[in-house]
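Numbering follows full-length UniProt numbering, with no gaps: position 146 of the sequence shown is 146. In this text, a Cβ means the ideal position worked out from N, Cα and C, and glycines have one as well. Inspection log for the structure reproduced underneath, given as structure tokens.
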Amino acid sequence: MEDWIWTTLVRALAFGTPILLAGLGEIYAERSGVVNLGVEGMMAVGALAAFAAAQSSGSPYLGLAAAVLVGALIALPFAVASITLRANQYVAGLALTMLGLGLSGLLGKPYEGAPLAHPLPETGFVVAALGLAAALWFFLRHTFAGLVLRSAGENPETVDAMGINVYAVRYGAVVFGGAMAGLAG
1 MEDWIWTTLV
11 RALAFGTPIL
21 LAGLGEIYAE
31 RSGVVNLGVE
41 GMMAVGALAA
51 FAAAQSSGSP
61 YLGLAAAVLV
71 GALIALPFAV
81 ASITLRANQY
91 VAGLALTMLG
101 LGLSGLLGKP
111 YEGAPLAHPL
121 PETGFVVAAL
131 GLAAALWFFL
141 RHTFAGLVLR
151 SAGENPETVD
161 AMGINVYAVR
171 YGAVVFGGAM
181 AGLAG
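This is the structure we're talking about:
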């Protein structure tokens with residue numbers, strides 16, 4: 001009886017890791033004052049980039065790097081629309097979700113049914129994600145940069161009075177969130 005409980009807990013940790021990573025990225029965007037509903041689209045495009053790069057190169061680590069890069073790149077148009085152009089963040093985020101899901105479905109057709117040659121070890125990925133969660137919590141709560149990030153969302157006038165560009169802080173947070181969502185994919 002105890003064996004199935006242990007197995008269920010381990011599987012829950014493994015299956016919850018992508019949600020943890022995407023949530024960590026979204027926390028940073030939210031704390032900077034930007035609501036990003038496009039996380040699911042970023043995850044889908046990141047998953048496609050990771051699989052395509054891993055299949056092409058034979059290296060799953062190159063696939064992870066591609067996922068992070070593509071996630072950050074797909075976050076840039078959202079950042080421009082929502083921060084610089086001041087578009088409705090909900091609409092821009094949902095558009096990004098639809099774009100990401102559509103792109104991954106369309107561009108992922110050639111990879112349907114293809115096996116992954118070298119999968120990553122699950123245990124290491126789970127442990128790394130939990131360590132990253134602790135590190136990002138420490139950054140957000142106990143560093144000056146974390147304080148600036150939180151202030152950019154809660155009181156941007158204070159950050160501006162300190163001589164720090166609020167838009168730059170928000171851009172950095174959204175791009176970081178995109179990179180984390182790509183990694184989660």
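Report all residues from its chain with a CB closer than 8 Å to the CB of residue i; omit the five preceding and five following residues, and keep chain order.
i, result
"V169", "S32, V148, L149, A152 and V159"
"L69", "A49, A179 and G182"
Please list, in chain order, all residues of the same chain as residue i whose beta carbon is under 7 Å from its beta carbon, the five residues on each side excluded.
i, result
"A52", "Y111"
"A44", "G100, L101, S104 and G185"
"T17", "F125, V126 and A129"
"Y171", "A79 and I83"
Please report how far the alpha carbon of residue i lies from the alpha carbon of residue j, in whole angstroms.
i, j, result
"G182", "F125", "14 Å"
"V87", "L101", "Checking the displayed sequence, the identity of residue 87 turns out to be Ala instead of Val. Near 21 Å, if we compare the C-alpha coordinates of L101 and A87."
"G41", "L96", "6 Å"
"P156", "N36", "18 Å"
"L136", "F15", "21 Å"
Are the beta-carbon atoms of residue i and residue j separated by less than 7 Å?
i, j, result
"G20", "A129", "Note that residue 20 is Leu in the sequence shown here, rather than Gly. Yes. Within cutoff."
"F78", "G46", "no"
"A29", "G185", "no"
"S82", "V34", "yes"
"L24", "A133", "yes"
"G146", "L140", "yes"
"A75", "V174", "yes"
"A54", "P60", "yes"
Classify residue i as buried or exposed, calling it buried when 16 or more other Cβ atoms lie within 10 Å of its own Cβ.
i, result
"V91", "exposed"
"A161", "exposed"
"L64", "buried"
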